[in-house]
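Notes follow the structure.
Number of protein chains: 6
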Amino acid sequence: MLIRVINPNTTRSMTEKIGISAQRVAAPGTRIVATNPDSGPVSIESHFDEAISAVGVADEVRKGEREGTDAYVIACFGDPGLLAARELTRAPVLGIAEAAFHLATMISTRFSIVTTLSRTGIIAEHLLQSYGFAHHCRRVRAAEIPVLDLEDDGACALNRIVDECRRAKDEDNIGAIVLGCGGMADLADEIRDAVGLPIVEGVTAAVKLAETLASLKLGTSKFGDLAFPPPKRFTGRFEHLSS
Amino acid sequence: MLIRVINPNTTRSMTEKIGISAQRVAAPGTRIVATNPDSGPVSIESHFDEAISAVGVADEVRKGEREGTDAYVIACFGDPGLLAARELTRAPVLGIAEAAFHLATMISTRFSIVTTLSRTGIIAEHLLQSYGFAHHCRRVRAAEIPVLDLEDDGACALNRIVDECRRAKDEDNIGAIVLGCGGMADLADEIRDAVGLPIVEGVTAAVKLAETLASLKLGTSKFGDLAFPPPKRFTGRFEHLSS
Amino acid sequence: MLIRVINPNTTRSMTEKIGISAQRVAAPGTRIVATNPDSGPVSIESHFDEAISAVGVADEVRKGEREGTDAYVIACFGDPGLLAARELTRAPVLGIAEAAFHLATMISTRFSIVTTLSRTGIIAEHLLQSYGFAHHCRRVRAAEIPVLDLEDDGACALNRIVDECRRAKDEDNIGAIVLGCGGMADLADEIRDAVGLPIVEGVTAAVKLAETLASLKLGTSKFGDLAFPPPKRFTGRFEHLSS
Amino acid sequence: MLIRVINPNTTRSMTEKIGISAQRVAAPGTRIVATNPDSGPVSIESHFDEAISAVGVADEVRKGEREGTDAYVIACFGDPGLLAARELTRAPVLGIAEAAFHLATMISTRFSIVTTLSRTGIIAEHLLQSYGFAHHCRRVRAAEIPVLDLEDDGACALNRIVDECRRAKDEDNIGAIVLGCGGMADLADEIRDAVGLPIVEGVTAAVKLAETLASLKLGTSKFGDLAFPPPKRFTGRFEHLSS
Amino acid sequence: MLIRVINPNTTRSMTEKIGISAQRVAAPGTRIVATNPDSGPVSIESHFDEAISAVGVADEVRKGEREGTDAYVIACFGDPGLLAARELTRAPVLGIAEAAFHLATMISTRFSIVTTLSRTGIIAEHLLQSYGFAHHCRRVRAAEIPVLDLEDDGACALNRIVDECRRAKDEDNIGAIVLGCGGMADLADEIRDAVGLPIVEGVTAAVKLAETLASLKLGTSKFGDLAFPPPKRFTGRFEHLSS
Amino acid sequence: MLIRVINPNTTRSMTEKIGISAQRVAAPGTRIVATNPDSGPVSIESHFDEAISAVGVADEVRKGEREGTDAYVIACFGDPGLLAARELTRAPVLGIAEAAFHLATMISTRFSIVTTLSRTGIIAEHLLQSYGFAHHCRRVRAAEIPVLDLEDDGACALNRIVDECRRAKDEDNIGAIVLGCGGMADLADEIRDAVGLPIVEGVTAAVKLAETLASLKLGTSKFGDLAFPPPKRFTGRFEHLSS
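Protein chains in written order, with UniProt numbering: chain A, 1 to 243; chain B, 1 to 243; chain C, 1 to 243; chain D, 1 to 243; chain E, 1 to 243; chain F, 1 to 243.
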């Protein structure tokens with residue numbers, strides 16, 4: 001089975017890191033294709049970055065469709081373009097925020113999120129509300145690390161994340177922590193060992209949920225509002241999307 | 001004062017119609033620039049259309065910034081790219097769904113929405129929940145009209161909308177109806193006269209709210225998560241967005 | 001157009017102050033009549049004060065109806081008598097708490113309220129819940145100033161409000177602050193300059209929203225539960241309300 | 001123990017009927033004083049009626065305080081002036097809507113409300129939301145009976161209420177029905193016998209809850225926002241309220 | 001009238017203490033039978049303890065039915081087996097958490113809970129959400145006292161509870177405190193005197209509510225989902241439950 | 001890896017059927033042990049049945065612990081004893097209602113539930129609210145089939161379920177249907193083929209989620225309220241639970 005793990009930003013090193021994390025947890029028969037759009041922001045730290053990256057996500061799903069993909073993962077914690085991506089395919093599509101929230105509620109009654117920048121906390125809050133998990137989450141915390149610092153300086157970033165996770169453990173009355181950035185995918189084990197609390201990481205969560213859905217033959221419903229988009233003309237640089 | 005009314009789809013006739021509706025309600029000193037992106041879908045009838053259109057909205061806000069715009073309106077009922085657009089400017093930005101919901105709660109205790117296609121009803125439901133208006137809305141109804149039929153065949157579309165509005169009036173225990181498509185902007189008066197209920201139309205609502213905010217010098221907060229996006233590199237066809 | 005700005009308490013100096021603030025933001029063609037009931041509490045700092053003041057609000061709307069009023073503003077942060085007032089007129093009626101909440105959500109994703117006394121915080125909490133804005137508001141704060149101190153000693157009161165607003169800015173992870181008392185209407189600019197955050201003030205917000213609704217010919221719906229009250233007899237000192 | 005049952009409207013026959021219902025369920029040592037304000041609407045069928053009646057409720061509580069009252073009941077289904085009344089006394093104060101909702105959740109998992117006029121249904125909806133019972137209530141139904149018809153023509157009114165209750169039983173998937181008007185207090189037993197479902201009636205519910213609170217020495221908290229109102233001057237016809 | 005007060009744990013001394021508290025507030029004609037199951041945990045401090053204790057609660061209701069019981073109280077703050085118990089009888093059944101929440105909202109607008117162990121706080125949170133009282137409760141606090149310490153060392157436990165209640169009073173902006181354990185039933189008066197805030201205790205609250213329902217002839221609805229369980233076979237050690 | 005699938009009722013034929021469904025979707029390395037308690041109800045159709053069955057679930061988890069189990073599934077749609085079971089193990093524990101809800105939200109925006117008896121619909125409603133999925137579910141429907149009829153007369157039961165699913169498809173504006181009974185595990189494919197909508201079945205969903213959690217080494221958090229229960233004495237027929 002083929003899972004396309006889409007890093008919505010265009011930083012190739014992060015895509016590779018995410019791909020390695022994804023492959024490490026994949027089932028024996030699962031092949032991971034880790035990819036990122038050619039076009040888009042090198043990191044996603046704002047609503048604007050997120051909106052632009054959704055185009056790249058859709059492009060990657062369209063590519064995936066031509067290659068016979070069985071499931072998709074959107075590997076950015078804001079789940080950019082999630083519903084749009086679902087419309088484009090019969091395969092299941094998972095966002096990593098969504099995936100992590102789901103699993104966190106299965107192993108704890110309350111969790112906190114540790115994300116990169118406090119300015120993106122609102123994105124997590126909006127997703128929690130929309131998905132229905134707001135009352136399961138005690139607090140959205142930020143380690144105040146720009147996303148690309150996770151690439152450059154793993155050690156320093158790791159320390160700050162661990163410190164914030166420890167504060168969450170001490171103050172938030174929780175049973176688990178959700179990591180709030182796809183770029184933290186390779187750090188989950190170290191954080192868990194340092195903090196002593198279950199750490200739910202979205203990339204790995206989403207890969208396994210994608211396998212779950214695919215193995216149950218539960219693809220995105222094509223009945224109702226996630227059916228393929230009505231065919232229509234697109235103009236200008238999006239003309240290739242016409243159908 | 002200059003308000004840029006952005007039709008997120010690329011159908012110029014709809015843009016013109018929206019511009020006329022906007023200008024008709026604008027204050028004497030307000031100049032309306034009705035515009036649409038060069039690139040994007042000719043109508044917005046899916047999550048996918050919406051995601052693509054958000055790029056055009058951002059482009060139009062960036063253009064607007066170079067021309068000294070005082071406020072922006074996003075004239076599609078899904079409010080595509082709203083938070084991204086807010087990040088790009090100190091000026092206020094209004095979505096037409098948002099605007100209509102706000103005004104509807106000021107003149108009635110409960111309202112219903114009459115939109116185009118039932119498949120896009122979920123978009124309105126998500127916005128109602130996110131904005132906090134879910135309990136004010138009795139029902140999201142669809143007249144089952146493709147968006148561009150509003151351009152081609154006004155009379156037939158009008159009849160179907162009026163019929164659905166009458167059903168809402170008879171069955172929903174409401175005080176007002178919100179029209180769920182920017183392409184209905186020119187029909188509001190006729191619908192109101194035919195139905196006998198206050199009709200809240202988003203384009204006109206948003207223009208007046210934009211004037212309101214601008215006149216109170218209340219621009220988008222640049223403190224917190226709607227501050228300008230962190231400067232960064234964009235790649236590929238989005239390279240021009242780099243800062 | 002004529003807007004009747006009703007200060008629900010009977011302190012004439014506050015009414016004048018509110019009237020000046022209202023007129024300052026009004027459109028050229030708008031005439032503000034700032035008024036207060038003859039009968040009622042000199043300030044509103046409890047549920048009891050609020051209940052009594054609602055009678056005066058209704059009286060003022062009835063007076064306004066005889067004078068051909070185009071819109072009404074209820075200039076107390078508890079929005080006393082709002083739904084009753086709406087029943088009495090075809091014109092739009094705006095409360096200042098309501099108005100401020102609406103605008104605050106258009107320029108920020110999260111706001112805090114700074115009100116006078118902590119004992120009235122519950123009134124704001126109830127309104128936030130009823131209107132649907134509870135999740136947009138991080139915190140209801142009190143500067144612990146009796147309402148009439150806003151009349152007597154502006155400077156001292158201003159300092160305490162500014163201090164509380166600064167704490168809100170530093171601690172609450174917000175983009176804007178809503179001022180929680182009609183008596184603060186003249187302080188908004190100074191507070192904004194001192195705090196460095198958008199300050200949403202209800203009197204000015206409500207005046208502009210009243211203009212917005214009136215210009216769109218959106219009056220209070222007379223279909224459903226805001227229709228004119230069923231005619232009936234009133235007894236005793238309320239006999240004049242019989243119809 | 002002395003319970004003052006306040007009928008917020010000024011129809012003496014209804015007050016007497018309510019008083020009889022109250023006395024019938026009262027404990028042996030409980031004395032019921034059924035009373036209504038001198039001034040106010042003869043029935044309560046709108047937000048406006050409700051706002052005016054709140055003054056009379058407060059007057060009656062003030063009278064009650066001079067007579068050494070142990071608990072108060074506000075016998076109108078909108079619970080008018082409830083929080084204001086609580087501020088005026090150390091004794092417990094119960095609204096009949098509130099009381100009925102509480103008891104209904106103790107004997108069933110879901111209930112429906114059958115009230116008089118559909119235009120007042122919104123009042124029940126607002127109370128359900130504010131109190132926290134919205135998800136326990138399947139539906140707010142109206143028998144479309146003007147309140148005073150409950151005085152004039154008991155038989156006809158009874159039939160319409162029973163019919164609506166039967167529809168609730170058949171269609172709403174409920175375990176109990178809440179009667180939505182103080183004027184139905186004497187009809188509860190007949191309705192229950194005719195419908196075959198537990199019928200929760202607010203006057204009797206509130207009297208017993210008032211006894212419950214009083215016997216547990218649980219009066220209205222005077223710590224926090226229900227403390228006695230801050231002393232102040234009232235003007236005009238409300239001058240007698242000054243303290 | 002006969003009320004069976006069921007202590008769901010098997011510590012007889014606690015049962016007696018609860019019985020004394022119950023009898024002290026009971027009406028003259030009410031006889032309290034305080035009882036506990038033969039089989040079950042000696043204290044309830046986890047979801048597991050709670051699940052096991054629900055069997056004992058059901059057993060005690062079945063016994064009560066054979067003895068002609070008029071109402072039941074489940075005297076553990078998690079309300080274990082509440083809905084199951086309701087199915088087994090036409091009599092009303094009250095949980096003490098439920099009972100305390102109801103009364104607390106009648107005398108204050110916001111309350112806090114002081115319970116024994118922080119690990120059981122989640123049980124209170126779940127009940128608050130399910131019953132609809134989440135927004136009335138500011139905070140769930142724990143005095144960190146194992147339940148049986150309430151039996152062994154009243155004085156020390158009392159001090160810790162009083163300390164936590166004082167913190168609630170000082171920090172939580174509340175009007176009342178709910179005691180979160182049946183084992184605190186005898187301490188309520190002392191705590192109230194020491195803290196200076198209304199203290200709502202569940203055993204006494206539930207007894208009076210049980211009397212209230214019984215006197216109004218409001219038993220558990222046998223229409224709908226609380227009807228007697230469908231008759232069926234039980235196996236093994238539960239064979240005696242077959243019907 | 002070893003998954004213990006616990007049928008909480010004591011009907012062995014249903015356990016076998018559930019086991020077969022579970023094994024069919026299990027990964028190659030997964031061994032399914034399908035089991036049921038010796039003691040308990042032969043079917044679960046009430047709150048009472050559910051309460052009793054929770055003891056058996058706990059027993060089965062305790063047995064499983066002695067046999068080195070990697071994950072548990074509770075195969076009854078009310079998820080009886082779920083939190084208690086989680087306390088007893090470091091392994092993940094999944095309920096089938098929970099599992100089905102999670103997956104349904106990943107492939108559709110809105111779903112309906114088709115369960116056996118309408119009297120148990122409230123159990124699903126309570127779970128939806130507690131888990132946070134209430135707004136994702138349009139409607140809880142019942143095919144009005146006693147649980148054991150699923151054993152006796154598959155064909156007739158299947159027809160009724162298919163009919164109800166078709167009504168859901170036609171009337172509910174949904175993208176997927178959740179089957180509301182563990183006894184329907186073997187019918188999912190037939191129902192899907194007959195109805196033409198994705199059908200989410202809980203047993204298979206839970207097995208795959210159990211594998212997911214186990215493969216990610218995400219066991220039930222032993223930090224906080226799901227830690228092992230405090231050791232204590234149990235009396236009577238539960239003495240063997242003492243620790």
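Yeah, the Cβ is synthetic: ideal placement off N, Cα and C, and Gly gets one too.
Note that the coordinates shown come from a computational prediction; the quantities given were computed from them, not determined experimentally.
Name, please, each residue of chain E whose Cβ falls closer than 8 Å to the Cβ of residue i.
{"i": "Asn173(A)", "result": "Ser118, Gly121"}
List, in chain order, every chain A residue whose beta-carbon is nearer than 7 Å to that of residue i.
{"i": "Lys232(B)", "result": "Pro41, Val42, Ser43"}
{"i": "Thr109(C)", "result": "Ile122"}
List the residues of chain E that residue i touches, going by C-beta distances under 9 Å, in chain order.
{"i": "Gln23(C)", "result": "Within chain E, no residue comes near Gln23(C); the closest Cβ sits about 37 Å away, beyond 9 Å."}
Measure how close the beta-carbons of residue i and residue j come, nearest whole angstrom, since I'm counting them as under 8 Å.
{"i": "Gly78(F)", "j": "Ile113(F)", "result": "With a Cβ gap of about 12 Å, Gly78(F) and Ile113(F) do not count as contacting."}
{"i": "Gly202(F)", "j": "Thr116(F)", "result": "In fact, because the Cβ distance is near 13 Å, the residues do not count as touching under 8 Å."}
{"i": "Gly64(E)", "j": "Arg4(E)", "result": "4 Å"}
{"i": "Ala58(A)", "j": "Ala75(A)", "result": "At roughly 15 Å, the Cβ-Cβ gap does not stay under 8 Å, so Ala58(A) and Ala75(A) are not in contact."}
{"i": "Gly95(A)", "j": "Ala206(A)", "result": "7 Å"}
{"i": "Leu213(A)", "j": "Met106(F)", "result": "6 Å"}
{"i": "His126(F)", "j": "Ser130(E)", "result": "6 Å"}
{"i": "Glu60(E)", "j": "Ala34(E)", "result": "In fact, because the Cβ distance is near 11 Å, the residues do not count as touching under 8 Å."}
Please list the partners that residue i has in chain C, where partner means a Cβ-to-Cβ separation under 7 Å.
{"i": "Thr220(B)", "result": "Ile107"}
Sort out for me which residues DSSP pairs residue i with in a bridge.
{"i": "Ala176(D)", "result": "Phe111(D)"}
{"i": "Gly95(E)", "result": "Ile74(E)"}
{"i": "Val5(B)", "result": "Ala34(B), Val73(B)"}
{"i": "Ile199(F)", "result": "Ile177(F)"}
{"i": "Phe234(D)", "result": "Pro41(C)"}
So which residues on chain F does residue i lean against when the C-beta distance must stay under 8 Å?
{"i": "Gly78(E)", "result": "Near Gly78(E) there are no residues of chain F at all, since even the closest Cβ is about 11 Å away, more than 8 Å."}
Under 9 Å between beta-carbons, which chain D residues line up against residue i? List them in chain order, please.
{"i": "Val114(C)", "result": "Neighbours of Val114(C) on chain D: none; closest Cβ ~17 Å, over 9 Å."}
{"i": "His135(B)", "result": "Glu125, Gln129, Ala134"}
Applying a beta-carbon distance threshold of less than 7 Å, which residues of chain D neighbour residue i?
{"i": "Lys208(E)", "result": "Thr212, Ser215, Leu216"}
For a contact defined as C-beta to C-beta under 9 Å, what are the partners of residue i on chain F?
{"i": "residue 248(E)", "result": "No statement about residue 248(E) is possible, as the shown extent of chain E runs from 1 to 243 and does not include it."}
{"i": "Val200(A)", "result": "Leu216, Leu218"}
Would you mind telling me which residues of chain B sit closer than 8 Å to residue i, beta carbon to beta carbon, in chain order?
{"i": "Ala84(C)", "result": "Those do not exist, as Ala84(C) stays about 13 Å from chain B at its closest Cβ, beyond 8 Å."}
*Kindly confirm or deny that the region 185-192 of chain B and the region 16-23 of chain B touch, where touching means at least three C-beta pairs closer than 8 Å.*
These segments touch.
*Write down every uninterrupted run of the alpha helix (DSSP H) in the region 31-71 of chain D whose length is 4 residues or greater and which is fully enclosed by it, in chain order.*
47-66
*asked:* Does the contact criterion of 3 or more C-beta pairs under 8 Å hold for the region 216-231 of chain B versus the region 85-93 of chain B?
replied: yes
*Does the count of Cβ pairs from the region 42-59 of chain A and the region 49-63 of chain B closer than 8 Å reach three?*
Of all C-beta pairs linking the region 42-59 of chain A to the region 49-63 of chain B, three or more are shorter than 8 Å, placing the two stretches in contact.
*Please confirm if the region 156-171 of chain C is in contact with the region 129-147 of chain C, defined as three or more CB-CB distances below 8 Å between the two stretches.*
yes
_In chain order, what are the residue ranges of uninterrupted beta strand (DSSP E) at least 3 long that sit wholly in the region 134-173 of chain E?_
For secondary structure counted as the beta strand (DSSP E) over 3 or more consecutive residues, the region 134-173 of chain E holds these complete runs in sequence order: 137-142.
*Do the region 39-48 of chain B and the region 228-242 of chain A meet, that is, are 3 or more Cβ pairs less than 8 Å apart?*
yes
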